[in-house]
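The next block holds one structure in the form of structure tokens; read it before the comments.
Residue numbers (the working numbering), protein chains in the order written: chain A, 1 to 272; chain B, 1001 to 1598.
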């Protein structure tokens, strides 16, 4: 059998998810509804022969684009998924969020997503969290490991990470800490779309041009996510568009642009 | 695992400040692989700060790196030539980041070693060369950088090259290509530089393109380590990744270390076409023709080309731990999906990795140094010589919570060789001449295991004794296993800590199974606080032919269970609360047991 680069990436991701499932008694997977974590969900079904034997955690900021929630609930029914929805209700009720409250974009992300996730992890006692981040998204994510420890405050010590080689991962950890598992680490944005095309994975239509000449390239909260100019209406058209671009993927995510190191700070504090 | 075609993973190593980041930035710029605006953005930032632009800044995107002016971690980026795609792994040169260098280099198919022409061979140049050899990276290109600082002198290049060539030779590496370059100016990177017209060899990109594609590993003997066993949709699937060789439906598999054998009934997958064979690198799930007890850590192989099954072997290791590696101390050894407690029996040779000289009389291995050691494992592990099957010939050592070292297997005593393994495996086939049905007829009942679990003081011992007496009176073959008769003998070598307790429960499960196979009812009376160890015991009772051994998990619950470390069973066969008296307890267990063994 001939293998291409997608087979190699798929094999690696499946191996990592099975390792995580074998080593963590209480594990969950983050599902942002975006293309990456949905491709990851597909890989989980491959790894576990059509099943997803752990819960999916969706951190709902209440600012998600409404069709994302409809799409989420449809897949939960059709694919028989266990869904856990996390929401930082205290902050939302206090109304201190961007753009109407006093919070900046970065502070808002920190409260709604990072703190929202921390509440879920504490409540359910998860010790392993699978996350679909990729190295090519951003220089700080480029520094990640497949199995990346977080301390009790969810902080990431980027300058002193465990060694990771020969498919042997950090699966021993102190009580109170948890491990982030990144099976898509070595995929690129293009790889993800090529894989979606090959496997015919259903993705949310926001990624396609709806006739206005715009589409979303990266999905987040409505107030901070911009669309890009594009007439790509199919997965194949997105693949060919990406082969010709060198504009960064998160260029439409406004919180990253607040300062030179905004995203890096968010990630050290426990953002995904 | 590097089996994708047309992609080569390249690690760039060398002493700190010898120009790794500059070389990488230059490769990107010259191949047109930078994101739009990145170059202009960094030039503008440099201007704003009043410093000259450096190509190294392209790599050093983290704030911390700009502050310290060193690359602190392994990052990966991509560029493309006419021939193939390259994934570049930048590995830090600073001594305290050797673990990051190893993390990057272990993924690489090939390496670029960079040496500053004006400084020559330095500590990390040697250390990295040596680590590359231990990690098993064989394709190496040596780049002598900063030729602009030495007036493009052929003499300097020759001196530096021959010194490093000698060094590599001393550690058993045949040096391949040496190239003089100036990454800052761009000489000999994408194309030949005019300043270096005395040099007849290739430019860096040409040299990279001449590296052959990653070697095929499917022609090696089959090595299929089991990651996990799933029970989905009434199928029992052994999941894992083939680390070497080829697996086909109908193959007879030998499982190590148990020595049991079975035949591959099917290769399972989801949303993929049905296949009859899979090869190295493939994730697979297989079902077997027998209900064999297999668990994570078993390695499936073909009996005619089996690995060694050893408790002692020699390895060359590198140490990354915060505290020195010491002989006699216990570590966890991980080798594919196998995990076993081990100790370093002998430090045969301790090596200062910066000079690659032996340290005479050393009794420990310091951080970032290396050693040749004899490792003793508590249980047998399936291993190959690294030279023969690399994926089964490399291991990591875990100290506490941390992966603290790695190494390759260089020698295994002959007594653990494959032929002996297969001979021993033969015992598992039809060991007994007496069929289970015959025992059933003779005794008038079948064997079974009654597993009593509960916190100390919940009444296990009392119940066990009473059950034993009642069964004996009814002419049932019966025996009790508890700490009193297991700890002083069978488990005399074990303590009560985590891994020792697990090993004790493993032994108890196996002994209970033997009693049951001999036709007896075996009553096991151990706290057995974790669900995992009880589930494991239950699985041990699955046997190859027939319906398996009846297993009655009997839970003696108390009000204190939730406040202790005890994990109550989720689906026990029998639950007995504190309010249930002894007679009632006995009759509840007997009622269920007698139905299953008659």
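Virtual Cβ for every residue (Gly too), placed ideally from N, Cα, C.
Return the first residue and the last residue of the alpha helix (DSSP H) that residue 5 (chain A) is part of. For the purposes of this step, residue 5 (chain A) is taken as residue 5 along the first chain, with counting starting at 1. Residues 5-23.
Residue 1501 (chain B), DSSP secondary structure in three states: By one-based count along the second chain, residue 1501 (chain B) stands at place 501. Helix at residue 1501 (chain B).
Own chain residues within Cβ distance below 7 Å of residue 19 (chain A), not counting five before or after: Position 19 of the first chain, counted from the start, is the residue given in the question as residue 19 (chain A). Here the set comprises 169.
Rounded to whole angstroms, what's the CA-CA distance from residue 1269 (chain B) to residue 46 (chain A)? Just pull it up for me. One-based indexing of the second chain puts residue 1269 (chain B) at position 269. One-based indexing of the first chain puts residue 46 (chain A) at position 46. Approximately 7 Å between the Cα atoms of the pair.
Looking at chain A, is there any beta carbon in it that lies within less than 7 Å of the beta carbon of residue 1515 (chain B)? Reading the second chain from its first residue, position 515 is the one you call residue 1515 (chain B). It does not; no Cβ of chain A falls within 7 Å.
What residues in the region 1257-1281 of chain B have a beta carbon less than 7 Å from any beta carbon of chain A? 1268, 1270, 1271, 1279, 1281
Would you say residue 1413 (chain B) reaches chain A, if we count a Cβ-Cβ gap shorter than 7 Å as a contact? Position 413 of the second chain, counted from the first residue, corresponds to residue 1413 (chain B). It does not; no Cβ of chain A falls within 7 Å.
Taking only the alpha-carbon atoms, compute the straight-line gap between residue 1230 (chain B) and residue 1203 (chain B) and give it to the nearest angstrom. The residue you call residue 1230 (chain B) lines up with position 230 of the second chain. The residue you call residue 1203 (chain B) lines up with position 203 of the second chain. Spanning the two alpha carbons is a distance of roughly 52 Å.
What in chain B is Cβ-close to residue 51 (chain A), meaning under 7 Å? Locating residue 51 (chain A) in the first chain gives position 51, counting from the first residue. Ordered by position in chain B, the residues that pass the 7 Å Cβ test against residue 51 (chain A) are 1232.
Alpha carbon of residue 1588 (chain B) to alpha carbon of residue 1577 (chain B), nearest angstrom: Your numbering for residue 1588 (chain B) matches position 588 in the second chain. Your numbering for residue 1577 (chain B) matches position 577 in the second chain. Roughly 12 Å between the two C-alpha positions.
Return yes when the Cβ of residue 1205 (chain B) is within less than 7 Å of the Cβ of residue 1022 (chain B), no when it is not. What you label residue 1022 (chain B) is simply residue 22 of the second chain in a count that begins at 1. What you label residue 1205 (chain B) is simply residue 205 of the second chain in a count that begins at 1. No, Cβ-Cβ distance for residue 1022 (chain B) and residue 1205 (chain B) is not below 7 Å.
Alpha carbon to alpha carbon, how far is residue 159 (chain A) from residue 1235 (chain B)? Give it in angstroms, no decimals. In the second chain, counting from the first residue as 1, residue 1235 (chain B) sits at position 235. In the first chain, counting from the first residue as 1, residue 159 (chain A) sits at position 159. One C-alpha to the other measures close to 45 Å.
I'd like the span of the alpha helix (DSSP H) that includes residue 1043 (chain B), first residue to last. In the second chain, residue 1043 (chain B) corresponds to position 43, counting from 1. Counting along the chain, residue 1043 (chain B) sits inside the alpha helix (DSSP H) bounded by residues 1038-1049.
Can you tell which of B:1534, B:1154, B:1565 has the C-alpha that lies nearest to the C-alpha of residue 1453 (chain B)? What you label residue 1453 (chain B) is simply residue 453 of the second chain in a count that begins at 1. For residue 1453 (chain B), the closest C-alpha among the options B:1534, B:1154, B:1565 is that of B:1534.
Say whether the region 1248-1257 of chain B touches the region 1183-1202 of chain B, bearing in mind that this needs 3 or more beta-carbon pairs closer than 8 Å, one atom from each stretch. no
Sorted by chain position, which residues of the same chain lie with C-beta nearer than 8 Å to residue 1582 (chain B)'s C-beta, five sequence neighbours on each side aside? Reading the second chain from its first residue, position 582 is the one you call residue 1582 (chain B). Correct list, in chain order: 1459, 1462, 1463, 1466.
If you draw a straight line from the alpha carbon of residue 221 (chain A) to that of residue 1019 (chain B), how long is it in whole angstroms? Here residue 221 (chain A) refers to the residue found at position 221 of the first chain. Here residue 1019 (chain B) refers to the residue found at position 19 of the second chain. Those two C-alpha atoms are separated by around 41 Å.
Return the chain-ordered ranges of every beta strand (DSSP E) run that is complete within the region 1354-1436 of chain B and spans a minimum of 3 residues. 1370-1383, 1394-1399, 1402-1411
Under 7 Å, Cβ to Cβ, is there at least one residue of chain A near residue 1103 (chain B)? Taking the second chain and counting its residues from 1, one reaches residue 1103 (chain B) at position 103. With 7 Å as the cut-off, residue 1103 (chain B) counts as an interface residue toward chain A.
Look up residue 206 (chain A) in the DSSP assignment and say whether it is helix, strand or coil. Position 206 of the first chain, counting from 1, holds the residue named residue 206 (chain A). Here residue 206 (chain A) sits in helix by DSSP.
Could you pull out every residue in the same chain whose Cβ sits closer than 6 Å to the Cβ of residue 1569 (chain B), ignoring the five residues on either side in sequence? One-based indexing of the second chain puts residue 1569 (chain B) at position 569. Excluding positions up to five away in sequence, the list reads 1553, 1555.
Neighbouring residues, chain A, relative to residue 1304 (chain B) (Cβ below 8 Å): The residue given as residue 1304 (chain B) occupies position 304 in the second chain. The premise fails here: residue 1304 (chain B) is roughly 23 Å from chain A at the closest Cβ pair, so nothing lies under 8 Å.
Please report the straight-line C-alpha distance between residue 1593 (chain B) and residue 1291 (chain B), rounded to a whole angstrom. As a working mapping, residue 1593 (chain B) is identified with position 593 in the second chain. As a working mapping, residue 1291 (chain B) is identified with position 291 in the second chain. Each residue's alpha carbon lies about 23 Å from the other.
Taking CB distances under 7 Å as the criterion, tell me whether residue 1227 (chain B) reaches chain A. Counting from one through the second chain, the residue named residue 1227 (chain B) turns up at place 227. True, the Cβ-Cβ gap to chain A drops below 7 Å.
Here's the rule I'm using: 16 or more other beta-carbon atoms within 10 Å means buried, otherwise exposed. How should residue 1151 (chain B) be labelled? In the second chain, residue 1151 (chain B) corresponds to position 151, counting from 1. Per the 10 Å Cβ criterion, exposed.
Rounded to whole angstroms, what's the CA-CA distance from residue 1102 (chain B) to residue 1264 (chain B)? Just pull it up for me. Looking up residue 1102 (chain B) in the second chain gives position 102. Looking up residue 1264 (chain B) in the second chain gives position 264. Rounded to the nearest angstrom, the two C-alpha atoms are 37 Å apart.
By the 7 Å beta-carbon criterion, what residues does the region 14-46 of chain A contribute toward chain B? 14, 15, 18, 19, 21, 22, 45, 46
With 7 Å as the threshold, decide whether the Cβ of residue 1007 (chain B) is near any Cβ in chain A. What you label residue 1007 (chain B) is simply residue 7 of the second chain in a count that begins at 1. Interface residue, yes.
Relative to the C-alpha of residue 1258 (chain B), which candidate in B:1156, B:1379, B:1319, B:1197 has its C-alpha closest? Against the second chain, residue 1258 (chain B) aligns to sequence position 258. Nearest option by C-alpha distance: B:1379.
Below-7 Å beta-carbon distance, residue 1165 (chain B) vs any chain A residue: In the second chain, residue 1165 (chain B) corresponds to position 165, counting from 1. No, no contact with chain A.
Should residue 1106 (chain B) be flagged as near chain A, meaning a C-beta pair shorter than 7 Å? As a working note, residue 1106 (chain B) is residue 106 in the second chain. Taking Cβ atoms only, chain A reaches closer than 7 Å to residue 1106 (chain B), which makes this a yes.
Residue 172 (chain A) Cβ short of 6 Å to the ligand ZN heavy atom set: Questions concerning the ligand ZN fall outside what the structure shown contains, since it holds no ligand whatsoever.
In angstroms, rounded to a whole number, what distance separates the CA positions of residue 12 (chain A) and residue 43 (chain A)? Along the first chain, one-based indexing puts residue 12 (chain A) at 12. Along the first chain, one-based indexing puts residue 43 (chain A) at 43. Rounded to whole angstroms, residue 12 (chain A) to residue 43 (chain A) spans 10 Å at the Cα level.
Taking only three categories from DSSP, how would you classify residue 1158 (chain B)? Counting from one through the second chain, the residue named residue 1158 (chain B) turns up at place 158. Residue 1158 (chain B) falls in the helix class under three-state DSSP.
Would you check if the region 1270-1286 of chain B and the region 1306-1319 of chain B touch, i.e. whether three or more CB-CB distances between them fall below 8 Å? No: fewer than three Cβ pairs fall under 8 Å.
Starting from residue 1555 (chain B), trace the alpha helix (DSSP H) in both directions and tell me its first and last residue. Counting from 1 along the second chain, the entry for residue 1555 (chain B) is found at position 555. No alpha helix (DSSP H) contains residue 1555 (chain B), which is instead part of the beta strand (DSSP E) from 1551-1556.
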